[in-house]
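Student: Here it is: the structure, laid out below.
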Amino acid sequence: MLTNEKVLEIFKDYIDADEALDILSTRRGYAVMLWDFAHRDWSDVVCCQTPEALFDKLLDSYALYQEFLMIRDKSDSEGEISEAERAQIQEMRLPYLEKRKEAETK
Numbered sequence: 001m002l003t004n005e006k007v008l009e010i011f012k013d014y015i016d017a018d019e020a021l022d023i024l025s026t027r028r029g030y031a032v033m034l035w036d037f038a039h040r041d042w043s044d045v046v047c048c049q050t051p052e053a054l055f056d057k058l059l060d061s062y063a064l065y066q067e068f069l070m071i072r073d074k075s076d077s078e079g080e081i082s083e084a085e086r087a088q089i090q091e092m093r094l095p096y097l098e099k100r101k102e103a104e105t106k
């Protein structure tokens, strides 16, 4: 069975790495918050009322974080990622999906 605790454990490495990400437990579920360092304010705040919603939000945030890292590390001023890089990000998501399957069967 998927629980919030299992979801947070699945994404522990990502949660620790992304300094813009904060996750707070509230009365209504977990709030997933992304900080915009440039504007010094929250750029995204979503309340996840179920473990499934929390997983989906963190998986999407992880993909956006990987996209950000790829753009940041480019030497050119293109500011976009290629289709090959998008495919790479999709591959990077697979271990999280596998861990979710494992958590749902336990």
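In UniProt numbering, the protein residues as written are 1 to 106. Just so you know, even glycine gets a beta-carbon here, dropped at the ideal spot from N, CA and C. Just so it is clear, the structure is predicted and the values come from calculations on it, not from any experiment.
1) Should the segment 53-62 be called in touch with the segment 3-11, which here means at least 3 C-beta pairs below 8 Å?
2) Going by DSSP, which residues form a beta bridge with residue 30?
3) For residue 101, count neighbouring Cβ atoms within 10 angstroms of its own Cβ and tell me buried if that reaches 16, exposed if not.
4) Could you give the residue range of the alpha helix (DSSP H) that holds residue 16?
5) Assuming residue 71 contacts residue 79 (C-beta within less than 8 Å), just tell me the rounded distance between them.
6) Assign residue 51 to one of two classes, buried (16 or more other C-beta atoms within 10 Å of its C-beta) or exposed (fewer than that).
7) Any idea what DSSP makes of residue 73, helix, strand or coil?
8) For residue 29, which option in 103, 40, 98 and 4 has the closest C-alpha, if you only look at C-alpha atoms?
9) If you reduce the DSSP assignment to three classes, tell me which class residue 82 lands in.
Tutor: On the basis of the data shown:
1) Three or more Cβ pairs closer than 8 Å define a contact, and the segment 53-62 meets that threshold against the segment 3-11.
2) In the DSSP output, where bridge partners are listed per residue, residue 30 has 25 and 48.
3) Answer is exposed; the Cβ neighbour count stays below 16.
4) That run of the alpha helix (DSSP H) goes 12-17.
5) Right, the Cβ-Cβ distance comes to about 6 Å (below 8 Å), so this counts as a contact.
6) It is buried - the Cβ of residue 51 has at least 16 other Cβ atoms within 10 Å.
7) Coil at residue 73, not helix or strand.
8) The shortest Cα separation from residue 29 among 103, 40, 98 and 4 belongs to 4.
9) The answer is coil: DSSP assigns residue 82 none of H, G, I, E or B.
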